[in-house]
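Encoded as structure tokens, the structure appears first; notes follow it.
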Amino acid sequence: MRKPILLLITLFLLSACRSAAPSEEITLAMGYIPNVQFAPFYVALEKGYFAREGLQIEFDYGMETDLLSLVGQGELRFAVASGDQVILARSQGLPVVYVMTYYKKFPIAIISLEVPLEVPRDLIGHRVGIPGLYGASYIGWKALLYAAGIREGEIPLHSIGYTQVASLTEGKVEAAVVYANNEPVQLRQEGYEPHILYVADYIDLVSNGLITNEETIAQHPDLVKRLVRASLRGLQDTIEDPEAAFEISKKYVPQMGEAQLSVLRETIPFWRSEPLGYSDPDAWEASQRFMLDVGLIDKEPDVGEMFTNRFITQL
């Protein structure tokens, strides 16, 4: 009996050593304030998926304008960023790499309460509001016009800040550029049913995902793989049970009302991909071609260096 007992003791000690191994501290820059859109990461943290991978995660909500520069220079190792940001950074020589798709579909849309929107040309001659000439809303707007062959001057564009709902309901603009999983939800809760044009129906742009840099991939590939795997588990669980993910997110998002559950449900179709986290090379090609053609970048970096699917595995 002594050998089996000794074997059990040895296995117990090995297990104890593994569990006692120090976690690696990782800062993940979110690029935005705490929000229900980050529910998959909250789920991964709360359910111990990061800990299981030996990671101790800290979320950084600082909205640095130079986030891509910090990652490219190695001052930050990981961040959530959009495909257009990565393309711009690579065109400027920054060695950032997109390692996991978070939003499979670009979530920007144009909505109207009065103008029936069936195709982009239905917007011609109507006043369109946009938060400003920056960010995902502006990229989505320019991409829609580009895909539809519409000149920017054909549609009056007005900067209205983040007042899309009020500007529409008060008649200040006839259409507005919005996040498809946000403002339409608010309008429906107020009794309106908006007409919607989804940018993703006209051009396949790379949206938000997890990024790192070439040095981290070269020197710590297992770290990248573990972070991606834990994040994907959180994403999968959120897609499968948004109600549970919403309850978890309340701990991380101050004063989050029940309306945000509807936002979370509306977001899930934008996350789905097969396999989860996969980057479509064609979307990268289309995104870069668009940015080059409209003058957002002035050189054509190698698309194959912008992203990788090597860390995406079936869960």
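Quick note, the sequence shown lines up with residues 792 to 1106 if you use this note's numbering. Even glycine gets a Cβ: it sits at the ideal position worked out from N, Cα and C. Owing to the predicted nature of the structure, the values given are computational and were not obtained by experimental measurement.
Exposure of L924 is indicated by the presence of fewer than 16 other C-beta atoms within 10 angstroms of its C-beta. Membership of T960 in the alpha helix (DSSP H) is indicated by the continuous run 955–960.
The three-state secondary structure of V1085, taken from DSSP, is coil. The residue among P831, I824, G845 with its C-alpha nearest the C-alpha of E815 is G845. Look at E1065 here: in three-state DSSP terms it is coil, with no helix or strand label. The distance from the Cβ of R918 to that of P947 is about 5 Å, consistent with a contact at the 8 Å cut-off. Shortest Cα-Cα distance from V990 to any of T1003, Q977, Q1010, V968 involves V968. Shown here, L1106 sits in coil according to DSSP, grouped into three states, outside any helix or strand. Leaving aside the five residues that flank N973 on each side, the residues in its chain whose CB is nearer than 7 Å to its CB run, in chain order, V1054. Residue state for G839 is assigned as coil, using DSSP reduced to three classes.
Taking C-beta separations shorter than 7 Å and ignoring five residues to either side along the sequence, the partners of S958 in its chain run G920, I951, V964, A967, following chain order. Boundaries of the alpha helix (DSSP H) harbouring A927: 926–939, taken from the DSSP string. Runs of the alpha helix (DSSP H) lying entirely within the segment 1006–1049 and spanning at least 4 residues, in chain order: 1012–1031, 1033–1040.
Contact between the segment 869–885 and the segment 995–1003 is present: 3 or more CB-CB pairs across the two stretches fall below 8 Å. N1004 is the residue among N1004, P1045, F1061, Q955 whose C-alpha sits nearest the C-alpha of L858.
Around P1033, the same chain offers A830, L1052, L1055, R1056, I1059 as residues with beta carbons nearer than 8 Å, after the five sequence neighbours per side are excluded. The beta-carbon distance between Y840 and A1021, rounded to whole angstroms, is 4 Å. This is short enough to meet the 8 Å contact definition. Counting C-beta pairs with one atom in each stretch, the segment 1066–1079 and the segment 1015–1029 have three or more that are closer than 8 Å, which means they touch.
Distance check between D851 and each of A971, M821, P1012, W932 places M821 closest, using alpha-carbon atoms only. Straight-line spacing of the CA atoms in R942 and P1012 works out to 45 Å.
Closest by C-alpha distance to A880, out of F897, M1097, K933, is M1097. Counting only runs of 3 or more residues that sit fully inside the segment 975–1000, the beta strand (DSSP E) segments are 986–989, in chain order. For I915, the secondary structure class from DSSP, reduced to helix, strand or coil, is coil.
Under DSSP, G920 forms a beta bridge with H949, A967.
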